[in-house]
Amino acid sequence: MAENVCMNRSCAKSSEFWTLLVMGGLVLLGTLAAFFYIEHHGHIVTGMDNQVVWGLPHVFAIFLIVAASGVLNVASIGSVFGKKMYKARAPLSGLLAIAMLAGGLGGVVLDLGRPDRLIVAMTHYNFKSIFAVNVLFYNGFFAIVGLYLITLMTRNLKQYTHAVGLLAFLWRLALTTATGSIFGFLVARAGYNSALYAPMFIIYSFGYGLAAFIVVQSVMYKWNNIEIDERILCRLKNLLAVFIAAGLYFTAVLHLTNIYFAKQWDFERFLLLEGGVYPLLFWGGQVFLGGVLPLLMIFSPGARKSPPLVFLAALLVLIGGHAQMYVTIIGGQAFPLNLFPGYAQSSSFFDGIVHAYTPSLWEILLGVGGIAIAFLITVIAVRVLKFMPEDDFKDIDLDACKS
Amino acid sequence: MSEQNKQVHETANNDRRDFLKVGAGVAGLALAPGVLFYGISAEGKAPDAPASAKVRWGMLIDTSKCADGCDSCATACATENGLSGQTGPQDSQWIRKMHIKNLQTGAEHNLPMLCQHCENPPCVDVCPTGASMKRADGIVLVDRHICIGCRYCMMACPYKARSFVHEPLTDQNPEVPRGQGCVESCTFCVQRVDRDETPACVEACSKDGHMAMMFGDLRDPNSDIARALQSYATTEVRADLGLNTGVRYQGI
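Read top to bottom, the protein sequences are chains A and B.
366 is the number that my numbering gives to position 366 of the first sequence; each next residue is one higher, with no gaps.
1232 is the number that my numbering gives to position 232 of the second sequence; each next residue is one higher, with no gaps.
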C-alpha cells in the first residue's frame, strides 16, 4: 500500500508538483511586492489607520497561528493518548503545524511598521508583555515540533516520541492560551478584556486545525487517487463536529455574559445587530457557514460515505474561522473606545464614532502571503519526505464510529 | 626706584586691586542667581542628569475654563513637535479637543485629551520590546530605536492617545525625533520639561488667557498643581481601570 500512497519523488507527478510550486510562488511574489511597497510608502497605502490599527493581514496571520497549534492535535491524540489511527497522521499533523505557524508569523512580521527591526524583537524582551511571551512560545513551538517530527521519522528515536509529543501538546496549549490572551488582556476595549479568550481560542484552534488537516489530507488522497476508509472519515468528521459545537458554545457564553452586563450592551448591539458588516460576518460567516452548516453536513445521512461532503464541511469551518477572526479583530477595534461612560463624545480624532475600515489590495496580498508560505512549505515537504498517512487497519478499532 | 616712581607703582597696584575687587563683586552678583537657580532648578537636576523619581510630572485640566472651539493646545503641540496638524484618520494627533455631553443631564464639557501618563501604563505592559517605557519622573515615552511598529500599545491604550506614523517624514524638529513605522504620543514636551519649561499646550492655553491647563510636580506638596489637587474635586478618566493617571480633570 505504501508504494501507492506516497507523494515523494518516486511516484508523485512531477509537472503538477512544479505547477503547485509556481502557483504558491507567484502568490508569495505578490506578497513580497506588497511588503516592499508598504515598507517604502508607509502604512498610508493601507486601509489601516490610528483607529483600526490591526487589519486584514492580522486576520489571516492570527488565524494561521491559532490553526497551527490546533492542527497538532491530531498528532497529540496519537502520541499522547495512544490512538493508532491518529498516530499514522502525526507526521503530517506536525508538518502542517510548523508550516502554518511559519505562515502566520510571516504575515505578522511583514506588516510591522519596522520589519527591519525583527532582530530587536528577538533580543529585547519585556516579559510582562504577552506579545513577547508569545514570541518565546512560537520559537519554542518550532523547536519542539521539529524535534517531535525527528523522533517520529527516525527509527531509533521512536521511544522518545511519547515524551516529546506530550511536551508538544502542553506547549501548544500554553501557546494558544497566550495567543488568546493577546485579546483577553486588552483591558480597555469592550470587545476584549475577558479571560474567556484563552480557552475559547484553544477550542477554536481545535476546530480550525482539524479542519485544515482534513482539507490537506483530502487533497493528498485525491492527488494519489486513494479513497479514505469510511470509518476513519467517520471518526475525523465526528471529532470535527465536537470541536465546532464547543466553539459555538464558547462563542455563546462570551456574548451571553456580555449581554448580561449593562455596560456591554452597546457593544453587543453593534456586533450582533447593528454594526453592518460585523453582524453579517458573525451570524452568516462565523455561526452559520463556520458552525451550523458544517454540523448539518457532518450529521447528514450518508456523510460518513462521502469524503467530498466532509471536505466541504471542513472548508466551511476554515471560511467561518476567517470570519470569526475578522469579527474579533476588526469588529473589536471598529467599536469606539468609551472614555467617558454615560457621555456622547466627539473629537477630531474620531472619538465616539464607529470606525470604518476598507482593506487595500496591499493588505490582501500581505494576508494571503501567510497562506502561500504555509502552502509552499507543505508542498515541498510532502514531496521530499514521507508525510502521507498510512493506516495499518489491523490495529484500529474499526467499529468504534457508529454515525 | 625713586620715591616718585614708587608712589606711581603703588597707585597702579591699588587701582588693579580695586578693579579686581569690583570685578569679582560684579561677577559674583552676575553668577550668583544662575548658580542659585541651577541649584534649585527641577529639584536639583542638572541638564544631563537622569530623570528623578522624586518628581512626578502631572497635569490638571479645568474643563470649566476650556473654551468651546479653541484648539490652541493642539496647534501648539503640532508646532512644537513637528506634527503636520492634519486631522485625517492616518495623521498623528498627540492632543485633541474633545466635546462630551452627558446623556442624562445634557451637561456639556470641552477638554483636551492626551496621553494620561499613567503610573501603571497598559502601553508599557504590553510592549514586546520595552520600547514603550515610563521615565522615573512619570513621563511615558516611546523609544524610537526599539519600537518595531507592532501597534499593540495602540490596542491597549484606554485613551486612544497613541498615533502610528503612516508615511515618510520631512523637516522634523531635531529635538523631537519621530520615525515612519513607529508609534508615538504626547511626551509632556519632555524636551521643554528638561529645560524647566512647561509643555507647549499649557503655555499656549495660558497665553490665550484660558488658564485651563496646569502643569507641575505632583509629588511636591508646595507646587500649584499639588495644592489644587488637595483643594478641588478632580477626576481620573477611566478611574475604574486603576491606572493612576498623571493627568487629572476638574469640572466633570
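We put the beta carbon where it would ideally sit given N, CA and C, even for glycine.
Keep in mind the model is a prediction, meaning the values are calculated, not measured.
In summary, the residues of the stretch 354 to 375 of chain A whose CB is separated from some CB of chain B by less than 9 Å are His355, Ala356, in the order they occur in the chain.
For Val1140/B, the enclosing beta strand (DSSP E) covers residues 1140 to 1142. DSSP places Met48/A in the coil class of the three-state scheme, outside both helix and strand. Within chain B, the residues Arg1151, Met1155 have their CB atoms less than 8 Å from the CB of Trp54/A, given in chain order. Beta-bridge partners of Val1183/B (DSSP): Phe1164/B. Taking a contact as a CB-CB distance under 8 Å, the pair Leu295/A and Ile244/A counts as one, their CB atoms being some 6 Å apart.
For Gly146/A, the closest of Ile130/A, Pro115/A, Pro91/A, His41/A by C-alpha to C-alpha distance is Pro91/A. The three-state reading of DSSP puts Ala1067/B in coil, since its state is none of H, G, I, E or B.
Below 8 Å, too few C-beta pairs join the stretch 161 to 175 of chain A and the stretch 1127 to 1143 of chain B to call them touching: fewer than three.
Rounded to whole angstroms, the gap between the alpha carbons of Lys1054/B and Asp1137/B is 7 Å. At least one C-beta of chain B is nearer than 8 Å to the C-beta of Ile130/A.
For Gln51/A, a Cβ of chain B is located within less than 8 Å of the residue's own Cβ. Tyr204/A is not a Cβ neighbour of Gln333/A, given a cutoff of 8 Å. Using beta-carbon distances, Phe213/A does not count as an interface residue toward chain B, since no partner is under 8 Å.
Here Trp54/A carries a coil assignment [DSSP, helix/strand/coil]. DSSP places Ala178/A inside the alpha helix (DSSP H), whose first and last residues are 161 to 184. Membership of Glu1175/B in any alpha helix (DSSP H) is not indicated, and neither H nor E is assigned to it by DSSP. Residues of the stretch 1124 to 1139 of chain B with a C-beta atom less than 7 Å from some C-beta of chain A are Asp1125, Val1126, Cys1127, Pro1128, Thr1129, Gly1130, listed in chain order. A contact is defined here as three or more CB-CB pairs under 8 Å, and the stretch 1209 to 1221 of chain B meets this definition with respect to the stretch 1050 to 1069 of chain B. No Cβ of chain B is located within less than 8 Å of the beta carbon of Phe142/A. Check the Cα spacing between Ser129/A and each of Gly184/A, Met388/A, Leu112/A, Leu376/A: the tightest is with Gly184/A. Contact between the stretch 70 to 89 of chain A and the stretch 341 to 348 of chain A is absent, with fewer than three C-beta pairs closer than 8 Å.
Unbroken beta strand (DSSP E) runs of no fewer than 3 residues, entirely contained in the stretch 1068 to 1114 of chain B, are found at 1095 to 1102, 1108 to 1114, following chain order.
In the DSSP assignment, Gly1058/B forms a beta bridge with Gly1216/B. Straight through space, the alpha carbons of Ile330/A and Leu118/A are spaced by roughly 25 Å.
Taking 8 Å as the Cβ-Cβ cut-off, the stretch 1237 to 1249 of chain B approaches chain A at Val1237, Arg1238, Leu1241, given in chain order. Just so you know, the alpha carbons of Gly290/A and Val317/A end up roughly 4 Å apart. Using a Cβ-Cβ cut-off of 8 Å, Ser346/A counts as an interface residue toward chain B, since at least one Cβ of chain B sits closer than that to its own.
Membership of Met1154/B in any beta strand (DSSP E) is not indicated; the residue belongs instead to the alpha helix (DSSP H) covering 1152 to 1156.
For His40/A, the number of other beta carbons within 10 angstroms of its own is below 16, and it is reported as exposed. Beta bridge pairing from DSSP links Tyr1249/B with Ile1061/B, Thr1235/B.
Counting only Cβ-Cβ distances below 7 Å, Tyr343/A has contacts in chain B at Ile1100, Lys1101, Asn1102, Leu1103, in chain order. In the displayed model, Gln345/A falls within a strand according to three-state DSSP. For the C-beta of Ile44/A, the chain B residues within less than 7 Å are, from N- to C-terminus, Gln1090, His1166, Glu1167. Nearest Cα to Gly1149/B within the set Ala188/A, Ile150/A, Tyr208/A, Leu112/A: Leu112/A.
Residue-level contact by beta carbon fails for Asp391/A and chain B, as no gap is shorter than 8 Å.
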